[in-house]
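Below is one structure, written out as structure tokens; comments come after it.
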Amino acid sequence: MKTLLISSSLFGAGGQSTALAQELASRLGGEVIVRDVTTVPHLDAGRFAAFNTPAATRTPAQQAAVEYSDALIAELKAADTIVIGVPMYNFGIPSTLKAYFDHVARAGITFKYTEKGAVGLLTGKKAYLVMARGGFYGDAHAHTTYVRDFLAFLGITDVESVYAEGLAISPAAKEQGLARARAQVEDLTLNQREAALI
Ligand SMILES: Cc1cc2nc3c(=O)[nH]c(=O)nc-3n(C[C@H](O)[C@H](O)[C@H](O)COP(=O)(O)O)c2cc1C
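In structure tokens, the structure reads:
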């Protein structure tokens, strides 16, 4: 099994979402490929135009932009399982994680338009989201539903979530939030390993 571990905390390895996502990925077993998205550039007009320019007429800069996106997509396609560390910053996901999503959502490659609407092309994968938050928002907040909607758009609908909440409330709340999240990681990975044995 190949797992793609996507981290997006601006604190790098010191981020709570990163540490928990790492723990989850390593408990799943198999090969783990790490992708830190904190340096992914914003999708600007030039990059988007490059995606829509035929290979034969691309400038070298456009070719480089397409190859960068292609490499991120190849990594995602090759993974059976995706674990994403998702900090909450100002009520949403990190802008660099959004930039990563903007680089892997490519018409005709990761999704396609049909008469019945958009269809995701990355089917058959499982994803785990590790949400880290200063406060308490639960699973109905857009911080979670947006990521689930995006993954579903690409065809990834088997999604489990872990919540590390209350991390900014007090030291005791933080400890409790992290302990709860670790217990969720244990439960989920135990279930996954048991399912793999059946
Ligand atoms: C710039 C910034 C903005 C934040 N905004 C929110 C917020 O809107 N709501 C919230 O509950 N926590 C907020 N927090 C707290 C983070 O969610 C918390 O520190 C969490 O641990 C971040 O995940 P990380 O440690 O993986 O980076 C914010 C933290 C930072 C640094």
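All letters in the sequence shown, in the order written, are residues 144 to 341 by my numbering. Glycine residues also receive a C-beta, built at the ideal position from the N, C-alpha and C atoms.
Practice item. Could you spell out where the alpha helix (DSSP H) holding Val-247 opens and where it closes? Key: Per DSSP, the unbroken alpha helix (DSSP H) holding Val-247 starts and ends at 238-247.
Practice item. Please confirm whether Tyr-289 and Ile-227 have their CB atoms less than 8 Å apart. Key: Not in contact: Tyr-289 and Ile-227 (Cβ atoms no closer than 8 Å).
Review point. Is Leu-310 near ligand 1, in the sense that its beta carbon is under 7 Å from a heavy atom of that ligand?
Key: Taken from the Cβ of Leu-310, at least one heavy atom of ligand 1 lies inside 7 Å.
Review point. Any heavy atom of ligand 1 closer than 7 Å to the CB of Gly-260?
Key: Result no, Cβ not under 7 Å from ligand 1.
**Study point:** First through last residue of the alpha helix (DSSP H) which encompasses Ala-270
**Key:** Here Ala-270 belongs to no alpha helix (DSSP H); instead the beta strand (DSSP E) covers 269-275.
Check your understanding: Nearest to Lys-255 by alpha carbon, out of Gly-298, Ala-156, Lys-268 and Ile-225?
Key -> For the set Gly-298, Ala-156, Lys-268 and Ile-225, the Cα lying nearest the Cα of Lys-255 is the one of Gly-298.
Exercise for review: Evaluate Gln-206 with the Cβ neighbour count: other Cβ atoms within 10 Å of its Cβ, from every protein chain shown; 16 or more gives buried, anything less gives exposed.
Suggested key: Burial call: exposed.
Review point. Which term fits Met-231, buried or exposed, when burial requires 16 or more other beta carbons within 10 angstroms of its beta carbon?
Key: The residue in question, Met-231, is buried, as its Cβ has 16 or more Cβ neighbours within 10 Å.
Point to revise | Opposing strand residues paired with Phe-254 [DSSP bridges] | key: Phe-254 pairs with Ala-250 and Gly-263.
**Study point:** Completely contained beta strand (DSSP E) runs for the stretch 151-189, where each covers 3 or more residues
**Key:** Entirely contained in the stretch 151-189, the beta strand (DSSP E) runs reaching 3 residues are, in chain order, 174-179.
Check your understanding: Would DSSP call Asp-301 helix, strand or coil?
Key -> DSSP places Asp-301 in strand when its eight states are reduced to three.
**Study point:** CB-CB length for Tyr-271 against Val-305, believed under 8 Å
**Key:** Rounded to the nearest angstrom, the Cβ distance from Tyr-271 to Val-305 is 7 Å, consistent with a contact under 8 Å.
Practice item. For Gly-278, name the three-state secondary structure that DSSP assigns. Key: Reduced to three states, the DSSP call for Gly-278 is coil.
Exercise for review: Could you tell me which residues DSSP puts in a beta bridge with Thr-146?
Suggested key: Residue pairing for Thr-146: DSSP places it in a beta bridge opposite Val-175 and Thr-224.
Check your understanding: Grouping DSSP H, G and I as helix and E and B as strand, with all else coil, what is Pro-197?
Key -> It is coil, neither helix nor strand.
Point to revise | Whether Leu-147 touches Ile-225 by CB criterion (8 Å) | key: Against a cut-off of 8 Å, the Cβ pair of Ile-225 and Leu-147 comes out as a contact.
Review point. So the alpha helix (DSSP H) Phe-293 belongs to, where does it begin and stop?
Key: Here the alpha helix (DSSP H) through Phe-293 covers 285-296.
Check your understanding: In the structure shown, what three-state DSSP assignment does Ala-311 receive?
Key -> In the three-state scheme derived from DSSP, where H, G and I count as helix and E and B as strand, Ala-311 is classed as coil.
**Study point:** Contacting residues, own chain, Cβ-Cβ under 6 Å from Ala-208 (five flanking each side not counted)
**Key:** Contacts found: Arg-190 and Ala-193.
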